[in-house]
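As given, the protein sequences belong to chains A and B, one line each in that order. Per this note's numbering, residue 1172 is the first one in the first sequence, and the count goes up by one each step. Per this note's numbering, residue 1172 is the first one in the second sequence, and the count goes up by one each step. Cβ atoms here follow ideal geometry from the backbone N, Cα and C, with glycine treated the same way. All figures in this text were calculated on a predicted structure; none of them were measured in a lab. Structure record follows, encoded as structure tokens.
Protein chains: 2
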Amino acid sequence: MSQHRIMGKPATVHDVARVSGVSTATVSRVFTGKTDTVAPKTIERVRSAANELGYTPSEIGRSLRLATTRVVVMIVPDATNNFCADVAASVEKSLKAVGLSMVLANTGEDGDQQDRLLTDAAGLRPHAIIIHGAIDTPKLREVIEKNRNLVFVSRPPPIAKAPFVGIDNEAAGFAVGRYFAEHGYQDCAVIHGQQHYSASRLRLKGFLRALQESGADMDVIRKIESPLSMEAGYQHGLALLSDDKPRAVFCHNDMLAYGVHRAATEKGLRIPENLAIFGFDDNRINDWLAPWLTTLKVPALDFGPAVAAMLDPNRKTRKPMEDVVLPFSLTIRESA
Amino acid sequence: MSQHRIMGKPATVHDVARVSGVSTATVSRVFTGKTDTVAPKTIERVRSAANELGYTPSEIGRSLRLATTRVVVMIVPDATNNFCADVAASVEKSLKAVGLSMVLANTGEDGDQQDRLLTDAAGLRPHAIIIHGAIDTPKLREVIEKNRNLVFVSRPPPIAKAPFVGIDNEAAGFAVGRYFAEHGYQDCAVIHGQQHYSASRLRLKGFLRALQESGADMDVIRKIESPLSMEAGYQHGLALLSDDKPRAVFCHNDMLAYGVHRAATEKGLRIPENLAIFGFDDNRINDWLAPWLTTLKVPALDFGPAVAAMLDPNRKTRKPMEDVVLPFSLTIRESA
DNA sequence: CTTTAAAATGTAAACGTTGACATGTAATTT
DNA sequence: AAATTACATGTCAACGTTTACATTTTAAAG
């Protein structure tokens, strides 16, 4: 691998053709693996010329010619959230395994930002768009209508025309509700995400239904709509523990639960004796840093394979992608 | 925005030209903002035609023509690590602000994987490659030589020919060492990353130098090379606390510290009375979940602006990028 | 009403790649 | 030895954009 072009423009298929004394078509054949129609010695010559020139085929030229990209855009609410990060990492790994690159972008839970990202994404002509935690906007619905390769993760699509990968949020909410009922958490509160997030809506719905169906006299003394952050959990936790004094709180993600926990410990409450905190997601870090957190485990690392299977460019079938509903479970941690 | 082409190929500049009755050049002018040479009414016609067709300029065609991409590849060791996630999110946000998209890829701290990613990245003809936590391999050095737009984050480049954004690792290690000396942590241990990571090498070097220069009879009773994970911290922690029983441990990142902490609490030790644990990075989550952790704070969220300033496509100057050394600080947490 | 300058728009080539098709060469059959 | 086949390679157009340059239209000046 010599220094032919230390810093000039990258070598092209033409350069390689010239150096190896063949045509560009042959070079292309070598690099696209159509090696059954090219002589072994020619392959060798092309390979070594390419090596010498430091040639790597341009995805740009390739994409233009083939009218397809190997890029997938993943839109996430907040990649610094542990759960999001795990899902994104899992997806990236699985996509790479089928030859796709992932461009990642954060919406910060902002609908306008999401819409802007959707527009930008279109410019890249991506192989697909994965949207984790979609926010229901007109633009989103428009994109669903127009786009064949759009996958929803975690939060189901507002209209059932695009595939979904995630858990059954309503059933999950129901499971938490049943747990509350079984443990006699009569007076309870719930801190949930904004109701235009489908997942939050469904979790709340399932939760309330479970309480109702339990027969017991369960009372949700406070339903709080909140950003899904530690800071918000802390603030709402402080208010909640001063005013309503619930026996248990259902937080719609673990970050909220961390915040409530801090508020609770500052108030001198013991978990779970005085206050049961129920989270959602079960971030991997919980085993290490939150041994007090009972939560609903979502298998973050299983998202990648499911998504990649849908988007695999080598997929033979032409039929539309089908939803993947992953299993959830309860992680009960009662130690202090 | 009507439904002209519900799901066909995306509209092109030619389609827009045809519908609006102008030439492709004019359409291009409108979309590249060269609006001073095109009549207002024409702009309007083009805009509405584009709207009607749902036209978004193709970055592919654009990139091919201009021989530049608006894509930046960011290679990280592990995006599920809190610190990495924060840095990546910060970088993504800042890049987007200057019109760049970020493709993210994980090496999993694997040199071969890193090298593969570097090759793949080249195919995308990215505007730049950002490498967080580089591993010193021959391929890496080759890429440094050939590539003008390569930025090192957190871990400095093995040869000083590429710009770096991060803290002064040796000074940081020194600061920790001095803290140990001041607190009389005579018998101490250090769990560090592999020595072919420049940052780990420098942190260790600074740390040892501080101990030596302190004059006190500081004794590093154990130096452990380890993966930078919670699991590894736990395992090494258990071994360390059984065998060597140090008064203090310096962990080269917070994840290690979490693991050691768990080992320590399982052994019934009190932090920091019986064992002082010193971390590195100061993940944002510490304030909420690790109030016991004294650590060296690296300003993760300041990385993005620094990197983006280097890579801004609108940057006027042609001169090479200069290193950005960010300030660090100690975060002392002594509560239990 | 010309002439000239300024403004608006059009023409066409190039960017790097691939694949259908054409051409050339060597091996096999008649 | 001619005809046929199989294999190896080459030619060239197309993908969607942008821009230098050419051309047309409009406005200003004479």
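First through last residue of the alpha helix (DSSP H) which encompasses residue i
i         : result
B/Ile1503 : Unbroken run through B/Ile1503: none, as it is neither H nor E.
B/Ala1342 : Asn1340 to Glu1353
A/Leu1321 : Per DSSP, A/Leu1321 belongs to no alpha helix (DSSP H); it is in the beta strand (DSSP E), Leu1321 to Val1324.
A/Ile1442 : Where A/Ile1442 is concerned, there is no enclosing alpha helix (DSSP H), given that its DSSP letter is neither H nor E.
A/Lys1317 : Pro1309 to Lys1317
B/Thr1203 : From DSSP, B/Thr1203 is part of no alpha helix (DSSP H); its letter is neither H nor E.
B/Leu1411 : Met1401 to Asp1414
A/Thr1239 : Premise fails: A/Thr1239 is in no alpha helix (DSSP H) and is neither H nor E.
B/Lys1212 : Pro1211 to Leu1224
B/Asp1458 : Asn1457 to Leu1460
C-beta atoms of residue i and residue j nearer than 9 Å
i         : j         : result
B/Val1187 : B/Leu1224 : yes
B/Asp1291 : B/Ala1276 : yes
A/Ile1301 : A/Met1245 : yes
B/Arg1241 : A/Ile1231 : no
B/Leu1237 : A/Leu1235 : no
A/Ile1362 : B/Ile1456 : no
A/Leu1382 : A/Val1420 : no
B/Met1426 : B/Asn1252 : yes
A/Leu1411 : A/Glu1437 : no
B/Val1324 : B/Val1258 : yes
A/Ala1299 : A/Val1243 : yes
B/Gly1430 : A/Trp1459 : yes
A/Val1269 : A/Asn1485 : yes
B/Pro1228 : B/Phe1202 : yes
A/Thr1197 : A/Thr1183 : no
B/Leu1467 : B/Ala1343 : yes
B/Lys1317 : B/Gly1475 : no
A/Val1478 : A/Asp1452 : no
B/Ala1428 : B/Ala1461 : yes
Proximal chain A residues relative to residue i, where beta-carbon distance stays under 7 Å
i         : result
B/Arg1433 : Trp1459
B/Thr1251 : Ala1256, Asp1257 and Ala1260
B/Met1492 : Going along chain A, no residue has its Cβ under 7 Å from B/Met1492, so there is no contact; the nearest lies around 15 Å.
B/Lys1487 : Result: empty, since nearest Cβ-Cβ is about 21 Å, beyond 7 Å.
Limits of the unbroken beta strand (DSSP E) element including residue i
i         : result
B/His1423 : Neither: B/His1423 is in no beta strand (DSSP E) and is coded neither H nor E.
A/His1303 : Ala1299 to His1303
A/Lys1394 : Asp1390 to Glu1396
A/Gly1450 : Ala1447 to Asp1452
B/Asn1277 : Ser1272 to Asn1277
A/Asp1358 : Asp1358 to His1363
B/Met1245 : Val1242 to Val1247
A/Leu1497 : Val1495 to Leu1497
A/Leu1266 : A/Leu1266 -> not in any beta strand (DSSP E); alpha helix (DSSP H) instead, spanning Asn1253 to Ala1268.
B/Thr1382 : It should be noted that the sequence gives Leu, not Thr, for residue 1382 of chain B. Per DSSP, B/Leu1382 belongs to no beta strand (DSSP E); it is in the alpha helix (DSSP H), Ser1369 to Glu1384.
A/Leu1295 : That residue, A/Leu1295, is in no beta strand (DSSP E); it is neither H nor E in DSSP.
A/Leu1467 : Thr1465 to Lys1468
Per-residue contacts from residue i into chain B (C-beta, under 8 Å)
i         : result
A/Leu1275 : Ala1259, Glu1263, Met1273, Val1274 and Leu1275
A/Lys1416 : Ordered by position in chain B, no residue passes the 8 Å Cβ test against A/Lys1416, which lies about 22 Å from the chain.
Residue i: contacting residues in chain A (beta-carbon distance under 8 Å)
i         : result
B/Gly1430 : Trp1459
Chain-ordered chain A contacts of residue i [CB-CB under 9 Å]
i         : result
B/Lys1212 : Those do not exist, as B/Lys1212 stays about 25 Å from chain A at its closest Cβ, beyond 9 Å.
beta-carbon residue i near the ligand NAP non-hydrogen atom, thresh 8 Å
i         : result
A/Val1469 : Within the structure as shown, the ligand NAP is missing, as the structure has no ligands at all.
Under 9 Å by beta carbon: chain B residues contacting residue i
i         : result
A/Lys1310 : Within 9 Å Cβ-Cβ: nothing; A/Lys1310 doesn't reach chain B, min ~10 Å.
(request) Mind checking the stretch 1320-1331 of chain A against chain B and listing, in chain order, the residues whose C-beta falls within less than 8 Å of any C-beta there? (result) Against chain B - using a Cβ distance shorter than 8 Å - the stretch 1320-1331 of chain A contributes no residues.
(message) Under 8 Å, CB to CB, which of the residues in the stretch 1467-1483 of chain B have a partner in chain A?
(response) Correct list: empty, as no residue qualifies.
(message) Does the stretch 1401-1411 of chain A come into contact with the stretch 1369-1387 of chain A, if we say contact requires no fewer than three beta-carbon pairs (one atom in each stretch) closer than 8 Å?
(response) By the Cβ rule, the stretch 1401-1411 of chain A does not count as touching the stretch 1369-1387 of chain A, because fewer than three pairs are nearer than 8 Å.
(request) Taking only beta carbons into account, state which residues of the stretch 1288-1306 of chain A come closer than 8 Å to chain B, listed in chain order. (result) Here the close residues are Thr1290, Asp1291, Ala1293, Gly1294, Leu1295 and Arg1296.
(message) Using a Cβ-Cβ cutoff of 9 Å, what residues of the stretch 1222-1239 of chain B are near chain A? List them in chain order.
(response) For the stretch 1222-1239 of chain B, the residues whose beta carbon sits under 9 Å from a beta carbon of chain A are, in order, Gly1225, Thr1227, Pro1228, Ser1229, Glu1230, Ile1231, Gly1232, Arg1233, Ser1234, Leu1235 and Ala1238.
(request) Mind the definition here: the stretch 1319-1337 of chain B touches the stretch 1495-1503 of chain B only if three or more C-beta pairs lie below 8 Å; say whether that holds. (result) Three or more Cβ pairs closer than 8 Å define a contact, and the stretch 1319-1337 of chain B meets that threshold against the stretch 1495-1503 of chain B.
(message) Between the stretch 1408-1417 of chain B and the stretch 1380-1400 of chain B, can you find at least three pairs of beta-carbon atoms closer than 8 Å?
(response) Between the stretch 1380-1400 of chain B and the stretch 1408-1417 of chain B there are three or more inter-stretch CB-CB distances shorter than 8 Å, so the stretches are counted as touching.
(request) Return the residues of the stretch 1432-1454 of chain A that lie within a Cβ-Cβ distance of less than 7 Å from chain B, sorted by chain order. (result) Under the 7 Å Cβ criterion, the stretch 1432-1454 of chain A contributes Arg1433.
(message) So if I threshold CB-CB distances at 7 Å, which residues from the stretch 1375-1406 of chain B count as touching chain A?
(response) If the cut-off is 7 Å between Cβ atoms, the stretch 1375-1406 of chain B has Met1401 near chain A.
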